[in-house]
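Note that the numbering used here has the sequence shown beginning at 209, numbered continuously upward. Comments concern the structure below.
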Amino acid sequence: QMNFELREIGNQINSLAQRIAQLNEQIYEAKARKQNPNDLLDQRDKLVQELSRLTGATVEVESNGSATVYIGRDVLVHRNTVREVYWKQNAERGKGGGDLTWRDNDQALQIDGGVAYGKLVVRDDAVPEALSDLDELADTLRDRVNELHLQGIGRDGSTGTLFWRADTSGAVGIEVNPDLLISPERLAASTVSATGDNALAHQMFELQFEEEFNGGKTAFNDFYHGIVTRIGNRVQEASAREEAASAGLEQAKTWQQHISGVNLDEEMANMVQLQHAYTAAARVTSAVDELITTLLQMV
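Quick look at the structure:
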């Protein structure tokens with residue numbers, strides 16, 4: 209899902225960049241004819257803001273009215289020239305995985321803000337970390353429960369039965385032994401006899417307190433709660449950053465409205481400063497919002 213959404217953002221980048229380049233040319237021609245291109249400038253501003261929301265893009269406006277748009281430190285649009293972005297397949301990024309890549313040099317985009325950045329952080333950092341911990345928990349649980357269950361006796365007198373399938377790995381793959389689903393009487397709760405006590409079941413219950421992780425220092429229960437806590441901390445930190453970024457964004461919007469309608473030739477320096485502040489706040493807010501949404505879905 210994350211890779212699909214990133215790939216779609218790549219398509220949006222190309223579309224927005226083409227439209228910005230076209231407006232650059234129209235604005236340049238209008239200024240050359242001493243015409244007022246305010247409507248064209250407004251259209252371009254909206255496109256740049258959307259691009260910034262998606263990627264954290266920044267903009268520099270030349271004296272001739274043309275805008276140069278950057279993603280990270282790389283130029284995306286310069287006057288009427290556009291650099292194309294494409295989706296380069298990369299199996300290391302998971303199913304359908306890949307990277308947003310510059311067509312002209314085959315280098316991955318260095319995205320540092322916006323929705324795309326939030327998705328990249330989740331895909332490449334938050335999710336792999338949580339999944340790695342969950343995989344370790346699942347594999348250790350499978351091995352320890354199987355170890356105990358092999359020692360037990362089923363109600364039908366059977367022995368040597370695995371509780372979990374042994375040919376799987378990770379949290380996604382863990383699965384109850386199909387033999388137990390077909391013949392529940394093979395489920396072992398005792399090591400004494402088919403009609404014995406439930407000592408084995410009690411041992412399995414007590415596994416939650418065994419220190420099996422971090423070099424024998426962390427119990428099952430604590431390891432699991434640690435996973436949940438780390439995700440919760442990420443959400444809290446992201447929420448705090450979003451609150452701060454939102455305040456900055458609102459301030460930038462207020463200033464933008466304050467100077468709207470002013471002669472752009474006279475106020476170009478102020479507009480450029482405002483655009484930097486606006487895009488910076490917008491890209492942080494978008495990235496944090498994306499991170500919070502995904503992390504909350506994982507809890």
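The beta-carbon is built from N, C-alpha and C at its ideal position, and this holds for glycine as well. Here the structure is a predicted model, which means the values were calculated and not measured.
Would you decide whether residue i is buried or exposed? Buried here means 16 or more other CB atoms lie within 10 Å of its CB.
i      : result
ARG281 : exposed
GLU450 : buried
HIS357 : buried
ILE217 : buried
ARG241 : exposed
ALA324 : buried
ILE228 : buried
If you compare alpha carbons, which of the options is closest to residue i?
i      : options                        : result
MET210 : VAL329, THR266, SER377, GLU344 : VAL329
GLY381 : ARG350, GLU450, LYS242, ALA299 : ARG350
SER398 : THR367, GLN444, SER391         : THR367
ALA409 : SER391, ILE361, GLY322         : ILE361
GLU258 : GLU414, ILE221, SER401         : ILE221
ASN272 : VAL400, SER260, VAL256, ASN244 : ASN244
ARG287 : GLN444, LEU255, SER274         : SER274
State the Cα-Cα distance for the pair residue i and residue j, rounded to the nearest angstrom.
i      : j      : result
GLN416 : ASN429 : 5 Å
VAL335 : GLY326 : 12 Å
GLU420 : ASN441 : 24 Å
PRO386 : THR376 : 13 Å
LEU472 : LEU262 : With a pLDDT of only 49 at LEU472, under 50, the local geometry of the prediction cannot be trusted, and the value read off the model is given with reservation. The straight-line gap from Cα to Cα measures roughly 26 Å.
ALA396 : GLY305 : 43 Å
PHE413 : GLU300 : 38 Å
ALA374 : GLU383 : 9 Å
ALA427 : PRO392 : 29 Å
VAL290 : SER223 : 10 Å
ASP332 : ASP307 : 11 Å
ARG215 : THR276 : 24 Å
ALA460 : GLN318 : 25 Å
What whole-angstrom Cβ distance do residue i and residue j have, given they're in contact under 8 Å?
i      : j      : result
ASP343 : ILE435 : Not a contact, Cβ separation roughly 11 Å.
GLY264 : GLY321 : 2 Å
VAL293 : ARG311 : 7 Å
What does DSSP give as the partner residue(s) for residue i in the beta ladder?
i      : result
GLY306 : GLN297
ASP282 : ILE279
GLY362 : ALA396
TRP372 : VAL384
PHE421 : THR426
ALA316 : THR309
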